[in-house]
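Participant: Line by line, the protein sequences give chains A and E. Going by our numbering, the first sequence opens with residue 147, and the numbers climb by one from there. Going by our numbering, the second sequence opens with residue 190, and the numbers climb by one from there.
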Amino acid sequence: MVQYTQARFDASFAALSDATRRGVLEQLGRADASITDLAEKFRMTLTGIKKHVGVLEQAGLVTTEKIGRVRTCKLGPRRLEEEAAWIERYRQLWGARFDELDKVVEELKQKEKVDGRKKRE
Amino acid sequence: MDARRESELAPMKNRTTVERKSEREIVVTRTFNAPARLVFEAWTKPEMFRQWWVPKSTGMSLLSCEMDVRVGGGYRLAFAYGDSQMAFFGTYKEVTPHSRLVWTNEESEGGAVSTVTFEERGGKTLLVYHELYPSKEALDANAGMENAMEETFQQLDELLVTLGAGVGRS
């Protein structure tokens, strides 16, 4: 199961490492779209955009459904997880940063106390 | 040893919160147990700034840090990440001692305008850090540590494995 999970995550990272694919996710976040819509929006050939959508689909980030001659793309079930990870990544950076800042500020505070004591003496 | 005494010896770390305020804005808040002038000093003096801005967990190291903290003054931070190097730079737009700093991030077109405010309350300081991006896409692309974090997918990887442990079991 760990292996399976790992493979899924690897697929997500590969999927998200491309600017066009991130753009497609953004677009689908606003509204579902057909392959043709996406090709126009991103100025790509149908084949090109299909490849990108395929990668996103494999990662579980997008699902597609063919109705008649039109293939409609929408965000897949993994979207919320990605959003949470995105915020978490940001929180981790700033959390770590501010914990370090805490130490620097604490040192300043201590130094001030010592200096204050010296002045009074 | 009672609980109160214990907490005095090892003060709890204050919580850092992150909120996406809008499509183009993100806000980080944190309280520091010190007066605003000290937090401001740690933010504006390069020799102090460089001690905390790049935590070890980012895998990056700060090579140089130049800051001319006055309106119209510039800053430049050079980093190393593995074999690659990158620089972040911009200009200070507002400098109000002990209470407010505004600066630009000019290393890329999608750079944010950053504002940090320091609000003192009873000897503590509420710090609010705000980033306003030119577009939603720019914010999405910059999430985490600017573009440099693109390269730290490995760390995200580990995080997601932790977060996703539940998914794997289901």
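For glycine and all other residues, C-beta sits at the position ideal for the given N, C-alpha and C.
If E:G261 and E:T280 are in contact, beta carbons under 8 Å, what's the gap, nearest whole angstrom?
Facilitator: With 8 Å as the limit, E:G261 and E:T280 qualify as a contact, their Cβ atoms being about 7 Å apart.
Participant: Could you run through the region 221-253 of chain E and flag, in chain order, every residue whose CB is less than 7 Å away from some CB of chain A?
Facilitator: Taking 7 Å as the Cβ-Cβ cut-off against chain A, the residues of the region 221-253 of chain E that qualify are F221, A223, L227, V228, E230, A231, M237, Q240, W241, W242, P244, S246, T247.
Participant: I'd like the list of long-range same chain contacts for E:G333, defined as Cβ closer than 6 Å, with 5 residues on each side in sequence excluded.
Facilitator: Interpretation of E:G333 is limited by its pLDDT of 45, a score under 50 that renders its predicted location unreliable; no figure is taken from the coordinates.
Participant: Restricting to Cα atoms, I'd like to know which of E:T233, E:R259, E:K325, E:Q274 is closest to E:F307.
Facilitator: E:F307 has its Cα closest to that of E:T233, out of E:T233, E:R259, E:K325, E:Q274.
Participant: Please name the residue or residues paired with E:L321 in a DSSP beta bridge.
Facilitator: E:L321 pairs with E:E214, E:V302.
Participant: Pick helix, strand or coil for A:G140, following the three-state DSSP scheme.
Facilitator: As shown, chain A starts at 147 and ends at 267. That puts residue 140 of chain A outside it, with no answer to give.
Participant: In whole angstroms, what is the alpha-carbon distance linking E:H287 and A:V260?
Facilitator: Using only the alpha carbons, I get a separation of about 22 Å.
Participant: Can you tell which of E:A327, E:Y322, E:V317, E:D329 has the C-alpha that lies nearest to the C-alpha of E:T206?
Facilitator: If we check each option's Cα against that of E:T206, E:V317 comes out closest.
Participant: Identify the contact partners of E:R219 in chain A, using a Cβ-Cβ distance below 7 Å as the criterion.
Facilitator: Neighbours of E:R219 on chain A, chain order: F244.
Participant: What are the boundary residues of the beta strand (DSSP E) that includes E:V291?
Facilitator: Residues 289-293.
Participant: What is the residue span of the beta strand (DSSP E) that E:E283 lies within?
Facilitator: Looking at the DSSP string, the run of the beta strand (DSSP E) that includes E:E283 is 273-285.
Participant: Smallest Cα separation from A:V208: which of A:V216, A:A161, A:Q256, A:K264?
Facilitator: Minimum Cα distance to A:V208 is reached at A:A161.
Participant: Could one say the Cβ of A:R266 lies closer than 8 Å to chain E's Cβ atoms, at least one of them?
Facilitator: Judged by the 8 Å Cβ criterion, A:R266 is not in contact with chain E.
Participant: Identify each residue in the region 260-275 of chain E for which the Cβ-Cβ distance to at least one residue of chain A is less than 9 Å, and report them in chain order.
Facilitator: Per Cβ criterion, the list is empty.
Participant: Assign A:T210 to one of three DSSP states: helix, strand, or coil.
Facilitator: Looking at A:T210 - three-state DSSP - the assignment turns out to be strand.
Participant: The ligand SAH and A:A161: does any heavy atom of the ligand fall closer than 7 Å to the residue's C-beta?
Facilitator: Annotation note on the ligand SAH: not contained in the displayed structure, which lists no ligands.
Participant: Counting C-beta neighbours from all protein chains within 10 Å, is the total for A:A230 16 or more, i.e. buried, or is it exposed?
Facilitator: A:A230 comes out exposed.
Participant: Within the continuous alpha helix (DSSP H) that includes E:A225, where are the two ends?
Facilitator: Note, E:A225: alpha helix (DSSP H), 225-233.
Participant: Please report the straight-line C-alpha distance between E:G311 and E:L252, rounded to a whole angstrom.
Facilitator: Computed Cα separation, rounded: 37 Å.
Participant: Decide if E:I215 is buried, meaning its Cβ has at least 16 other Cβ atoms within 10 Å, or exposed.
Facilitator: So E:I215 counts as buried.
Participant: State the DSSP-derived secondary structure class of E:A267, mapped to helix, strand or coil.
Facilitator: It is a strand residue.
Participant: So is A:D248 buried or exposed if we call it buried at 16+ other beta carbons inside 10 Å?
Facilitator: With 16 or more Cβ atoms within 10 Å of its Cβ, A:D248 is classed as buried.
Participant: Can you tell me which of A:K265, A:I181, A:F159 puts its alpha carbon nearest to the alpha carbon of A:R215?
Facilitator: For the residues A:K265, A:I181, A:F159, the minimum Cα distance to A:R215 belongs to A:I181.
Participant: What residues match up with E:V207 in a beta bridge as DSSP calls it?
Facilitator: BP columns for E:V207 point to E:V217.
Participant: Can you pull the chain E neighbours of A:E186, defined as C-beta to C-beta under 9 Å?
Facilitator: Within chain E, no residue comes near A:E186; the closest Cβ sits about 18 Å away, beyond 9 Å.
Participant: Give me, in chain order, the residues of the same chain whose beta-carbon lies closer than 7 Å to that of E:R213; leave out the 5 immediate sequence neighbours on both sides.
Facilitator: Same-chain partners within the cutoff: L321, Y322, S324, K325, L328.
Participant: Identify each residue in the region 200-212 of chain A for which the Cβ-Cβ distance to at least one residue of chain E is less than 7 Å, and report them in chain order.
Facilitator: Cβ contacts with chain E: none found.
Participant: Could you pull the start and end residues of the beta strand (DSSP E) that A:K220 belongs to?
Facilitator: Looking at the DSSP string, the run of the beta strand (DSSP E) that includes A:K220 is 216-221.
Participant: Less than 6 Å between C-beta atoms, sequence neighbours within five positions excluded: which residues of the same chain meet that for E:V217?
Facilitator: If we look at E:V217 and ignore the five residues flanking it on each side, its Cβ neighbours are V207, Y318.
Participant: Spell out whether any CB of chain E is found under 8 Å from the CB atom of A:L174.
Facilitator: Judged by the 8 Å Cβ criterion, A:L174 is not in contact with chain E.
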